[in-house]
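Visitor:
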Amino acid sequence: MSERVSPTARVASTLSSRDAAAFVHAGPSRDPAVQYCLRAIDSIESAPTADSFDTTHAVAFDGTRWHHVSRRGVPEDWPRHPVDELATRLADDGVPGTVLAPATIPHDAALYLEQNGFTLASSDVLTRSRRSKTDLERALIERAQQATAAGVKRAATVLAESDSDDEGALLAGGTPLTGERLRIAIDEAIVAAGSLPDGRTRVTGGMRNDAPATSDDSAGASGDRAETSDDVLRAGEPITVAASPRGREGYHGGLVRTFVVDSDGGDSRRAHVALTQAFRSVRSMLTDATHTTTAVEAELEAEIRAYGFGEADAVDTRVTGVGLEPREAPAAADSDVGPETVVRIEAAVRVGDGRSVRIADLLAPGRPAQWLESPSRSLDPGAYADAEPR
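Here's what the structure looks like:
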């Protein structure tokens, strides 16, 4: 795999094309755009990284080198705002005129720059740069995905080893198996594999698993964990497991699997066959080729409906990037999905009575396109092994 264009090179090219003197951004350590800039600095100068979530950073690239000022704690305790100090440094270095910044740069940061004589112009260079992943970024995503797969496989093991009572309720170790109990087991496996669940692990079963493909977007525990209940999981009903953990380097994985313990086939089986075939088709589509997210989503839906799911049947598809956020560019309808991207492919089919079959995987387009650490997609939890899906 060839080395991708570095973030620094992309910013430098944008400065040249826009005739701007520098690129500037500011924000807390938790801001993915700030994390991205700090990683760019790290790769060149071994500068300090975002190691504390109570740190505010100001970063700039002047076409030649990166500048970085940070402060920990609350603004009232700072001798000077980091953006004010950074702007003074740039001015002292003779950096003139217009500087580019994301539209999301904090208002106070913009004021400090203007007070130091700079004119701000908006730029989406970070968003565009983050669409393409360097070889290192892809490796970090894959590392997080390995932990995601460990969590999903743990769920499969717990379900495969479960029993059921006379009413179909699942039992693990002789006690009722709830969605919350299974979620905890998944999170423990993710942590043991070196990543952080980040509050984005969900388990839904039966009538509650009919969730659209966009349902696990919320950042943090309150949004996702609210979807995992203490209801007892049941044999014969779809159980959906979704996880998007964050690796220790900040990059995310992402998997969704639907299990049915003691399945009798039916619509769930037909939906599963349609989904797995659609995923194979998309992999072929993105082998040595570039398409828009809209085209990939349309291909997913067309393949699914070819298995007898008509317009009256709910089919959800979504294609986005993945990286420092669980979902990021490319995400817009006209965004290209090509060899330098890593994308989350997701689809769900409603099979009636509030039940769905849902799958999501990470794909690296290329020659050939490759699934990143993708476990089995079988509905049967007992079938999960290390075989790589096609």
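Numbering (numbering that gives the first Met the number 0), first residue to last: 0 to 389.
We treat Cβ as the ideally placed atom computed from N, Cα and C, and that holds for glycine.
Small disclaimer: the values here were computed from a predicted structure and weren't measured.
Checking 8 Å against the spacing of the C-beta atoms, do Tyr35 and Val82 come in under that value?
Guide: Here residue 35 refers to the residue found at position 36 when the sequence shown is read from its first residue. Here residue 82 refers to the residue found at position 83 when the sequence shown is read from its first residue. No, Cβ-Cβ distance for Tyr35 and Val82 is not below 8 Å.
Visitor: From the DSSP output, in three-state form, read off Ala242 for me.
Guide: The residue you call residue 242 lines up with position 243 of the sequence shown. Residue state, collapsed to three classes: strand.
Visitor: Going by other Cβ atoms of all chains shown within 10 Å of its Cβ, with 16 needed for buried, is Gln114 buried or exposed?
Guide: In the sequence shown, the residue the question calls residue 114 occupies position 115. Exposed: under 16 other Cβ atoms inside 10 Å.
Visitor: Pick out whichever of Arg304, Asp266, Pro74 has its Cα sitting closest to the Cα of Asp315.
Guide: Walking along the sequence shown from the start, residue 315 turns up at place 316. Nearest of Arg304, Asp266, Pro74 to Asp315, Cα basis: Arg304.
Visitor: I'd like the span of the beta strand (DSSP E) that includes Leu119, first residue to last.
Guide: Numbered from its first residue, the sequence shown carries residue 119 at position 120. Note, Leu119: beta strand (DSSP E), 118–121.
Visitor: When DSSP builds the beta bridges, which residues end up paired with Asp335?
Guide: Within the sequence shown, residue 335 is the residue found at index 336, counting from 1. BP columns for Asp335 point to Thr291.
Visitor: Start and end of the alpha helix (DSSP H) containing His56?
Guide: As a first step, residue 56 is located in the sequence shown; it is residue number 57 there, counting from the start. Element bounds for His56: not the alpha helix (DSSP H) but the beta strand (DSSP E), 54–60.
Visitor: Report all residues from its chain with a CB closer than 8 Å to the CB of Ser69; omit the five preceding and five following residues, and keep chain order.
Guide: Within the sequence shown, the letter at position 70 stands for residue 69. Closer than 8 Å at the Cβ level, and outside the excluded window around Ser69, lie Pro47, Thr54, Thr55, His56, Ala57, Pro81.
Visitor: So the beta strand (DSSP E) Arg256 belongs to, where does it begin and stop?
Guide: The residue given as residue 256 occupies position 257 in the sequence shown. It spans 254–258 - the beta strand (DSSP E) in which Arg256 sits, taken as one unbroken run.
Visitor: Check each candidate in Ala59, Val151, Glu84, Ile344 and name the one with the smallest Cα separation from Pro101.
Guide: By 1-based counting over the sequence shown, the position of residue 101 is 102. Out of Ala59, Val151, Glu84, Ile344, Ala59 has the C-alpha closest to the C-alpha of Pro101.
Visitor: Report the rounded CA-to-CA distance for Asp230 versus Gly178, giving the unit in angstroms.
Guide: Taking the sequence shown and counting its residues from 1, one reaches residue 230 at position 231. Taking the sequence shown and counting its residues from 1, one reaches residue 178 at position 179. Their backbone Cα atoms lie some 6 Å apart in a straight line.
Visitor: Which class does Pro47 belong to by DSSP, given the choice of helix, strand or coil?
Guide: Taking the sequence shown and counting its residues from 1, one reaches residue 47 at position 48. At Pro47 the pLDDT is 46, less than 50, meaning the model places this residue with poor confidence; the figure from the coordinates comes in the next sentence. Coil at Pro47, not helix or strand.
Visitor: Between Ala21, Arg343, Thr257, Asp134, which lies nearest to Gly235 when the distance is taken from Cα to Cα?
Guide: Counting from 1 along the sequence shown, the entry for residue 235 is found at position 236. Considering only alpha carbons, the answer is Thr257.
Visitor: Which value, in whole angstroms, describes the spacing of the CA atoms of Val94 and Met284?
Guide: By 1-based counting over the sequence shown, the position of residue 94 is 95. By 1-based counting over the sequence shown, the position of residue 284 is 285. When rounded, the distance between both Cα atoms is 46 Å.
Visitor: Could you tell me which whole beta strand (DSSP E) segments of length 3 or greater appear in the segment 86–116?
Guide: Runs found: 97–100.
Visitor: If we ignore side chains and look at the alpha-carbon of each, how far apart do Ser377 and His271 end up?
Guide: Residue 377 sits at position 378 when you count from the first residue of the sequence shown. Residue 271 sits at position 272 when you count from the first residue of the sequence shown. Near 8 Å, if we compare the C-alpha coordinates of His271 and Ser377.
Visitor: Let me check one thing: in DSSP terms, what residues is Gly365 bridge-paired to?
Guide: The residue you call residue 365 lines up with position 366 of the sequence shown. Beta-bridge pairing links Gly365 to Thr286.
Visitor: Which residue comes first and which comes last in the beta strand (DSSP E) that contains Val202?
Guide: The residue you call residue 202 lines up with position 203 of the sequence shown. Unbroken beta strand (DSSP E) run through Val202: 201–204.
Visitor: Please tell me whether Gly252 and Leu181 are closer than 8 Å, where the distance is taken between their beta carbons.
Guide: Here residue 252 is taken as the residue at index 253 of the sequence shown, counted from 1. Here residue 181 is taken as the residue at index 182 of the sequence shown, counted from 1. No, they are not a contact pair.
Visitor: Run the CB neighbour count on Pro367, radius 10 Å, all protein chains shown included, and call it buried at 16 or more, exposed below.
Guide: In the sequence shown, counting from the first residue as 1, residue 367 sits at position 368. Answer is exposed; the Cβ neighbour count stays below 16.
Visitor: Alpha carbon to alpha carbon, what distance is there between Ala20 and Ser243?
Guide: Here the question's residue 243 lines up with position 244 in the sequence shown. Here the question's residue 20 lines up with position 21 in the sequence shown. Going by the C-alpha atoms only, they are around 38 Å apart.
Visitor: One question on the structure: do Gly365 and Pro338 come within less than 8 Å of each other, judged by their Cβ atoms?
Guide: By 1-based counting over the sequence shown, the position of residue 365 is 366. By 1-based counting over the sequence shown, the position of residue 338 is 339. For Gly365 and Pro338, yes; Cβs fall inside 8 Å.
Visitor: Which ranges would you report for the beta strand (DSSP E) in the segment 136–195 if only whole runs of at least 3 residues count?
Guide: Segments of the beta strand (DSSP E) lying fully in the segment 136–195: 169–171.
Visitor: For Thr203, count neighbouring C-beta atoms within 10 Å of its own C-beta (all shown protein chains included) and say buried if the count is 16 or more, exposed if not.
Guide: Here residue 203 corresponds to residue number 204 of the sequence shown, with the count starting at 1. Buried, by the Cβ-count rule.
Visitor: From the DSSP output, which residues share a beta bridge with His66?
Guide: As a working mapping, residue 66 is identified with position 67 in the sequence shown. Paired residue(s): Ala59.
Visitor: Once you ignore the five residues that flank Asp107 on each side, which residues in its own chain have a CB closer than 8 Å to its CB?
Guide: Here residue 107 refers to the residue found at position 108 of the sequence shown. Cβ neighbours of Asp107 beyond the five flanking positions: His80, Val82.
Visitor: Pick helix, strand or coil for Ser5, following the three-state DSSP scheme.
Guide: If you number the sequence shown from 1, residue 5 lands on position 6. Correct three-state label for Ser5: coil.
Visitor: What residues are listed by DSSP as bridge partners for Arg391?
Guide: Nothing in the structure corresponds to residue 391, since the chain is present only between 0 and 389.
Visitor: At a cut-off of 7 Å, would you count Arg137 as near the ligand ZN, judging by its Cβ distance to the nearest heavy atom?
Guide: Judged by which ligands are present, the structure shown has none, so any question about the ligand ZN falls away.
Visitor: Taking a contact to mean a Cβ-Cβ separation below 8 Å, would you say Gly193 touches Arg247 in this structure?
Guide: Here residue 193 refers to the residue found at position 194 when the sequence shown is read from its first residue. Here residue 247 refers to the residue found at position 248 when the sequence shown is read from its first residue. Yes. Within cutoff.
Visitor: Rounded C-beta distance between Asp333 and Thr289? I'm assuming under 8 Å.
Guide: The sequence position of residue 333 within the sequence shown is 334, counting from 1. The sequence position of residue 289 within the sequence shown is 290, counting from 1. Actually they do not touch by this definition, with Cβ atoms about 12 Å apart.
Visitor: Under DSSP, the alpha helix (DSSP H) around Thr126 begins and ends at which residues?
Guide: As a working note, residue 126 is residue 127 in the sequence shown. Unbroken alpha helix (DSSP H) run through Thr126: 124–130.
Visitor: Measure the C-alpha to C-alpha separation of Leu170 and Glu160 and round it to an integer number of angstroms.
Guide: Along the sequence shown, one-based indexing puts residue 170 at 171. Along the sequence shown, one-based indexing puts residue 160 at 161. Roughly 9 Å separates the two Cα atoms.
Visitor: Start and end of the beta strand (DSSP E) containing His24?
Guide: Position 25 of the sequence shown, counting from 1, holds the residue named residue 24. Unbroken beta strand (DSSP E) run through His24: 21–27.
Visitor: Terminal residues of the continuous beta strand (DSSP E) containing Gly320?
Guide: The sequence position of residue 320 within the sequence shown is 321, counting from 1. Per DSSP, Gly320 belongs to the beta strand (DSSP E) from 314–320.
Visitor: Just the Cα atoms here: how many angstroms apart are Val342 and Arg317?
Guide: Taking the first residue of the sequence shown as position 1, residue 342 is located at position 343. Taking the first residue of the sequence shown as position 1, residue 317 is located at position 318. Using only the alpha carbons, I get a separation of about 10 Å.
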